[in-house]
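Residue numbers (our numbering): 144 to 283. What follows is one structure encoded as structure tokens, with my remarks underneath.
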């Protein structure tokens, strides 16, 4: 009888719980990646179930989510160019994304689609597209 009188009433400390508190008791599930192609550093949204608290990997690279809920997690794409599967892992299992995330090399700064070259007369003519450097000859 003395033990029962010392028990707190039911729900006594419920105000300490976060409003959307929920325990994860199943393995995560990845349903979609938005976008499926991006550059390093861009944000990627992973949608699915039981993603909160799961360890996220892009290929073999671990990434830390910038924000998230149980249904979606936002990450920044790592600097690993190529096509990679995305994984979410918790103590109950590992989930793989239905599609691969394609991380493309960032475009070099400059006019889109053209690289300019100066010839001996000082005129500027377009040369091959998408070269990684720009050379201008300026005659004074």
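Beta carbons: idealized from backbone N, C-alpha and C, even for Gly.
Do you know how far the Cα of residue j is from the Cα of residue i?
i           : j           : result
residue 188 : residue 237 : 18 Å
residue 245 : residue 213 : 24 Å
residue 174 : residue 222 : 23 Å
residue 195 : residue 208 : 9 Å
residue 229 : residue 235 : 17 Å
residue 176 : residue 168 : 23 Å
residue 239 : residue 190 : 12 Å
residue 197 : residue 241 : 17 Å
Taking C-alpha atoms, which residue in the options lies nearest to residue i?
i           : options            : result
residue 224 : 202, 171, 170, 232 : 202
residue 247 : 171, 181, 172      : 181
residue 226 : 234, 178, 168      : 178
residue 218 : 186, 169, 174      : 186
residue 243 : 216, 234, 200      : 200
residue 170 : 240, 232, 241      : 232
residue 192 : 172, 176, 198, 206 : 172
State buried or exposed for residue i, treating a residue as buried only when at least 16 other CB atoms are found within 10 Å of its CB.
i           : result
residue 210 : exposed
residue 262 : Because residue 262 sits at a pLDDT of 48, beneath the cut-off of 50, its placement in the model cannot be relied upon, and the following sentence gives the value as read from the coordinates. Flag for residue 262 reads exposed.
residue 249 : exposed
residue 184 : exposed
residue 205 : exposed
What residue does the beta strand (DSSP E) around residue i start on, and which one ends it?
i           : result
residue 209 : Element bounds for residue 209: n/a, residue is neither H nor E.
residue 225 : 225-227
residue 186 : 186-192
residue 239 : 236-239
residue 175 : 172-177
residue 201 : 198-201
residue 248 : Note, residue 248: premise wrong, no beta strand (DSSP E); not H, not E.
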